[in-house]
Amino acid sequence: MTLSDIFWKVMFYCAVALIVLVAVFPFYYAILTSFETGTAIFRVNYLPESFNLDNYRAVLGGANFLRSVANSVLIATVTVAGALLLAVTAAYALARVRFRGRGLLLMTILAVSMFPQIAVLAGHFELVRFLGIFNTPFAMILSYTIFTLPFTVWVLTTFMRDLPLEIEEAAIVDGATPWVFITQVFMPLLWPALVTTGLLAFIGAWNEFLFALTFTASETQRTVPVAIALLSGASQQEVPWGPIMAASVLVTIPLIILVLIFQRKIVAGLTAGGVKG
Amino acid sequence: MANIQMKAVRKSFGVLEVIKGVDLEIRKGEFMVFVGPSGCGKSTLLRMIAGLESITSGDLLFDGERVNTVIPSKRGIAMVFQSYALYPHMKVRENMAFGMKLAGASEEERNERVARAARMLQIDHLLDRLPKELSGGQRQRVAIGRAITRDPRVFLFDEPLSNLDAALRVATRLEIAKLHHEMNDVTMIYVTHDQVEAMTLADRICVLRDGRVEQVGTPSDLYEKPNSIFVAGFIGSPRMNFLDGARAAKHGCHTLGIRSEHIDIVADGEGEWTGTVIHAEDLGSDNYLFVEIGAAEPLIVRRPGKLDHANGTHLNLRPQAQHLHRFDAEGRPVSQS
Ligand SMILES: Nc1ncnc2c1ncn2[C@@H]1O[C@H](COP(=O)(O)OP(=O)(O)OP(=O)(O)O)[C@@H](O)[C@H]1O
Ligand SMILES: [Mg+2]
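Line by line, the protein sequences give chains P and A. Residues in the first sequence are numbered from 1 upward in steps of one, following the working numbering. Residues in the second sequence are numbered from 278 upward in steps of one, following the working numbering.
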């Protein structure tokens, strides 16, 4: 190994360390802060100094926090399930069925996903009011599904296009109906794509704030991000940083666990081998 | 096990007509090979027989029964694809049994039929592997095995060997020939680009050109009695030599065809054509001489054994009279008079 090789290796790991630091530090600091109370919160420290569970007690003891978590779980799950079901079928059509205007439709779908949320907020609000689902979980489910579908459809369509047509034809010759084909051949092959897009849709729905704030009125309908933002302290002037940090940590952990579980399931290159080597 | 008849079969994709009226009968137990230039509709015709492509007009009959609208899995066919098309997430065993499973066969029967097909193709030891753990040749065997387990009336192959290297191609070709002998009542239809595959495997060859049948016949029929310039030029390698103008007129035709092995090198003054060798290819068992005689293309002369004429050699050539192919201006053979 020459000197310059070593130099570049060192530079590479420095860059990796920097990226990890930037990505992980805010969460690490949130964890530290969540175990501190009183004025300790405002002292800058980079190593754990105290271990105090008061903040967690305060959050979990609060009247509606668990209710908000339940709302978030429900909304995110239904959004993911609905979006995947619609997206798989839509992607199948977009990737496999020839029809006029297919390319245009795909571009439109992609373009739709570029609108900023705030631009369509008013429209969504009207829609929600019109459907009479204001202040119910359905308001969020509907708008999150609408927002997540373009991306999901787009990704799944690309994946499906890469699946060789001949596999589908082999299945037809073997006597597979479209349903058998989708469930027994497509889905197993699309696992990595489904998991990835499903996870992103879940995270998106779980973290979304603006719509959730706008479409809910009562405390019992709030989702977690809204609940955290609206946590109130002892007085109007006090921002309850401790409980906010504790709540943030609590709601981030499920996401981390989800990613860790599914990371193992994302078996890349599953399709390798079925087609010409 | 099935006799296949096509009556005025046509296929259009939108305004583009691809199959322009095909009448063809494929006999029970026959090995029929479709050949033709790229894009002439071989795959399309095969896929119409499979039921993967709809038939625009005309009739397709299996054993006298019209099957135009019967779905593929009910036609009693099995298909081997160029890209193998194995299910990547299933073990070899499951790949082979998938069709039977969908048809509702018992596990016992499935295992037995998979085992029988695996023995036939010597892939017993691969049954518990995934496709990605197999070599190209093994994958193609599995694909053929999957077709066998379906116990079809008709076997369809679309260029099954074109992804294999030369040695494997020969081995698998033998395998398919053996299969045809063992299952001699199963009709087989085979699409290929490869001359040798066509000549060695076929009972009969069907030459397609631009969506129409140009000629159907046994390999030796097509080789010895092509009924058009197109077939004469398409079948056989190296390509038949064609001469026109005065050289053809001398034999009373518009175009004269002569195969490379039917040209003799003779002594000075006895030849019909003279020219110099401009290029030579030595294949070990044979050698090809490219002789410039002033025609549009050099004449190819095939000689057995080692190369014996260097570039630049001056040669006198004479065609064997009984092997001349004479064609008129339309490219049809001039009737022997
Ligand atoms: N789904 C389709 N839509 C439109 N045109 C098609 C379709 N499938 C095939 N064609 C056209 O039909 C013609 C015949 O195609 P086909 O695949 O049958 O040719 P082939 O003889 O098998 O050629 P090759 O030897 O290259 O495989 C081609 O011109 C092709 O472009
Ligand atoms: Mg083809």
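All residues carry an ideal CB built from backbone N, CA and C; glycine is no exception.
Give every residue of the same chain whose Cβ lies closer than 8 angstroms to the Cβ of A/C530, excluding the five residues on either side of it in the sequence, and list them in chain order.
R603, F604, D605, V611
What three-state label does DSSP hand P/K276 in the structure shown?
Below a pLDDT of 50, predicted positions are generally treated as unreliable, and P/K276, at 39, falls in that range; the measurement from the model is reported next regardless. In the structure shown, P/K276 sits in coil (DSSP, three-state: anything other than H, G, I, E or B).
Any idea if P/P178 is buried or exposed, counting beta-carbon neighbours within 10 angstroms, 16 or more meaning buried?
exposed
Is any beta-carbon of chain A found at less than 8 angstroms from that of P/L189?
Proximity of P/L189 to chain A, defined by a Cβ-Cβ separation below 8 angstroms, is satisfied.
With respect to the alpha helix (DSSP H) encompassing A/R609, which residues constitute its N-terminal and C-terminal limits?
Following the DSSP letters along the chain, one finds A/R609 in no alpha helix (DSSP H), marked with neither H nor E.
Does the beta-carbon of P/S34 have 16 or more other beta-carbons within 10 angstroms, so that it is buried, or is it exposed?
The residue in question, P/S34, is buried, as its Cβ has 16 or more Cβ neighbours within 10 Å.
In angstroms, rounded to a whole number, what distance separates the CA positions of A/A392 and P/P254?
48 angstroms
Do P/I167 and A/L329 have their CB atoms nearer than 8 angstroms?
no
According to the Cβ coordinates, are A/V508 and A/E491 closer than 8 angstroms?
yes
Along the stretch 91-122 of chain P, where does the CB come closer than 8 angstroms to a CB of chain A? Name the residues.
Among the residues of the stretch 91-122 of chain P, none has a Cβ less than 8 angstroms away from any Cβ of chain A.
With DSSP run on the structure shown, which of helix, strand or coil describes A/S614?
With a pLDDT of only 49 at A/S614, under 50, the local geometry of the prediction cannot be trusted, and the value read off the model is given with reservation. DSSP places A/S614 in coil when its eight states are reduced to three.
Does the stretch 204-220 of chain P come into contact with the stretch 57-72 of chain P, if we say contact requires no fewer than three beta-carbon pairs (one atom in each stretch) closer than 8 angstroms?
yes
Does chain P have any CB closer than 8 angstroms to the CB of A/I354?
yes
In the structure shown, what three-state DSSP assignment does P/D5 receive?
helix
For P/L106, which three-state DSSP category applies?
helix
Using only alpha-carbon positions, find the residue among A/H458, A/L478, A/R406 that is nearest to A/L438.
Measuring from the Cα of A/L438, the nearest candidate turns out to be A/L478.
Give me the residue from P/L163, P/F202, P/P243 with the minimum Cα distance to A/L363.
P/L163
If you run the structure through DSSP and keep just helix, strand and coil, what is A/V292?
coil
Assign P/S50 to buried or exposed, taking buried as 16 or more other Cβ atoms, counted over all protein chains shown, within 10 Å of its Cβ.
exposed
Would A/S614 count as contacting chain P if we go by Cβ distances under 8 angstroms?
With a pLDDT of 49 at A/S614, under the threshold of 50, the modelled position of that residue is not reliable, and the figure given next carries that caveat. No, because no Cβ of chain P sits closer than 8 angstroms to the Cβ of A/S614.
What separation, rounded to the nearest whole angstrom, lies between the Cα atoms of P/P240 and P/Y92?
49 angstroms
Taking 8 angstroms as the CB-CB limit, is P/V195 close to chain A?
no
Would you kindly work out how many angstroms separate the C-alpha atoms of P/V226 and A/V419, rounded to a whole number?
57 angstroms
Within the continuous beta strand (DSSP E) that includes A/F432, where are the two ends?
431-435
For the stretch 449-468 of chain A and the stretch 420-439 of chain A, state whether three or more C-beta atom pairs, one from each stretch, are separated by less than 8 angstroms.
yes
Helix, strand or coil for P/L270? Go by DSSP, reduced to three states.
Model confidence at P/L270 stands at a pLDDT of 40, short of 50, so the residue's coordinates are unreliable; what they give is reported in the following sentence. In the structure shown, P/L270 sits in coil (DSSP, three-state: anything other than H, G, I, E or B).
Strictly below 9 angstroms CB to CB, what residues from chain P border A/S350?
I172, V173, D174, G175, A176
Taking Cβ-Cβ distances shorter than 7 angstroms, what residues in chain A pair up with P/I167?
A362, Y364
Report, in whole angstroms, the separation of the C-beta atoms of A/E549 and A/P515, which I expect to be a contact under 8 angstroms.
Wrong, their Cβ atoms sit about 20 angstroms apart, outside the cutoff.
Along the stretch 369-399 of chain A, where does the CB come closer than 8 angstroms to a CB of chain P? Name the residues.
Contacts with chain P (Cβ-Cβ distance below 8 angstroms) from the stretch 369-399 of chain A involve F375, G376, L379, A380, listed in chain order.
Out of A/N280, A/N388, A/G608, point me to the one whose CA is closest to A/N504's CA.
If you compare the alpha carbons of A/N280, A/N388, A/G608 with that of A/N504, the shortest gap goes to A/G608.
Any beta-carbon of chain P closer than 8 angstroms to the one on A/L293?
no
Whose Cβ in chain C lies nearer than 8 angstroms to the Cβ of P/P164?
In summary, chain C is missing from the structure at hand, where the protein chains are P and A.
Quick check on A/G534: does DSSP put it in helix, strand or coil?
strand
I'd like the ranges of any beta strand (DSSP E) spanning at least 3 consecutive residues and lying wholly in the stretch 385-470 of chain A.
431-435, 464-468
Rounded to the nearest angstrom, what separates A/H458 and A/L398 at their Cα positions?
14 angstroms
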